[in-house]
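*Asks:* Residues in the sequence shown are numbered consecutively from 1, following UniProt numbering.
Where a beta carbon is used, it is the ideal one built from N, C-alpha and C, also for glycine.
Pasting a structure below so you can have a look.
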Amino acid sequence: AFPVVLYKLCIYSVIFLSCEISVGDTVIIPFEGAKLLADDELRWTHNKKRVYFKKDSQVKLSEINVTQHGYLILENVQKDKSGEYKGIVYNADGTLIKDTVQQLCVLEPVPEPTVLVECLDKGVNLTCSAVNNSEVVSWMKNGMKANVTHAVLHVSSSELKSGDNFSCTVSHLGRHKSAKEVKPVCSDTGPLLYVYLWWMLVILTGGGGFLLILFIICLVSHQCCTPKFCIVIKLLIIDHQH
């Protein structure tokens, strides 16, 4: 992942008054517009605690990584690195050259969601997993945004077409993660009911022997029909025998 470089646009954020960074990011806080000379004095503090100090070309304190240009680098940043970072540069005469202040807020990354499919008698429920109360959900159907912001999207049998694909996106504080597309296939609903009725007609017209063979095949391999379909066939065979 590329490092996150914080500039004034982030410092003066109207919404958050800080920069929101995910756990594990690499953060670079630069001295914008300042050229650091070898004999300049450089100080960095974190929540008013001094974490870096260089004077007369000698580094006297270094609890964090700082480049030769005075940029502060935080690698694999964790929540305890949140807070105020302040950098100050003085020249050899003790004159203030530049200072910078950056508020940093380290947040847990937005989890990658998945779409769970639940087949119902009259449609399908799609659930966007890994959703908390603070996150916003949006749905896509066949690449088009759906007018739904709930974690659960219900699609009726009449609305669900073969090949339809769905995906959800979870958003939180400007961060987004999208789930992989899914194509719901609910063979126990919708048109398959007509297949059941057709097989019932076969039985009533003397096709019980053929159904028995088909049922045996289903016992060997579930690929030819769903378990529910096989149960229905079995019941119809028993009924036919009586």
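1) Please state if the CB of residue 149 and the CB of residue 74 are separated by a distance shorter than 8 Å.
2) Can you give me the C-alpha to C-alpha distance between residue 22 and residue 109, rounded to a whole angstrom?
3) To which residues of the same chain is residue 83 closer than 8 Å at the C-beta, ignoring the five residues directly before and after it?
4) Please state if the CB of residue 90 and the CB of residue 32 are separated by a distance shorter than 8 Å.
5) Return the residue from the list 151, 122, 59 that minimises the CA-CA distance to residue 132.
6) Can you give me the start and stop residues for the beta strand (DSSP E) that residue 177 sits inside?
7) Kindly list the residues whose CB is nearer than 8 Å to the CB of residue 134, restricted to its own chain and excluding five residues on each side of it in sequence; keep chain order.
8) Taking the beta carbon of residue 167 as the centre, do at least 16 other beta carbons fall within 10 Å, making it buried, or is it exposed?
9) Tell me, to the nearest whole angstrom, how far the beta carbon of residue 163 is from that of residue 183; I am working on the premise that it is less than 8 Å.
10) Based on Cα-Cα distance, which residue from 77, 178, 34, 99 lies nearest to residue 130?
11) In this structure, does DSSP put residue 81 in helix, strand or coil?
12) What is the DSSP secondary structure of residue 76, reduced to helix, strand or coil?
13) Is the beta carbon of residue 126 less than 8 Å from the beta carbon of residue 106?
14) So that I know if they touch, is there some Cβ in chain C lying closer than 8 Å to that of residue 132?
*Replies:* In terms of the structure at hand:
1) no
2) 5 Å
3) 46, 47, 103, 104
4) no
5) 151
6) 175 to 178
7) 172
8) buried
9) 7 Å
10) 178
11) helix
12) coil
13) no
14) Of the protein chains in this structure there is only one, and it is not chain C.
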